[in-house]
Amino acid sequence: MAKVTITQVKSIIDRPKNQKLTIKALGLGKINKSVTVEKTPQIAGMINKVHNLVEVKDI
Numbered sequence: 572m573a574k575v576t577i578t579q580v581k582s583i584i585d586r587p588k589n590q591k592l593t594i595k596a597l598g599l600g601k602i603n604k605s606v607t608v609e610k611t612p613q614i615a616g617m618i619n620k621v622h623n624l625v626e627v628k629d630i
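In terms of this note's numbering, the sequence shown opens at residue 572 and continues consecutively.
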């Protein structure tokens, strides 16, 4: 599987609860924090849900 690096670039303040929980599930929570994960359909769906708060780079 391909790997992706996900970086949070915007705050989760004043965001819907489901977006806050998705950010936490991705292992993020603070601006400029990054995680590297395998790009599975589940992760792709989570990225799609919070696409306005994160930046994604393929590895």
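Glycine included, every Cβ here is placed at the ideal spot set by N, Cα and C.
Owing to the predicted nature of the structure, the values given are computational and were not obtained by experimental measurement.
Rounded separation between residue i and residue j - CA only
i: threonine 576; j: lysine 588; result: 23 Å
i: alanine 615; j: aspartate 585; result: 23 Å
i: glutamate 609; j: lysine 581; result: 22 Å
i: glycine 598; j: glutamate 626; result: 14 Å
i: threonine 611; j: lysine 574; result: 9 Å
i: methionine 617; j: leucine 592; result: 10 Å
i: valine 606; j: threonine 578; result: 7 Å
Three-state class that DSSP yields for residue i in the structure shown
i: isoleucine 602; result: coil
i: lysine 595; result: helix
i: isoleucine 618; result: helix
i: lysine 588; result: helix
Residue i: CB within 7 Å of a non-hydrogen atom of the ligand MG
i: asparagine 603; result: Although the ligand MG was asked about, the structure shown includes no ligands whatsoever.
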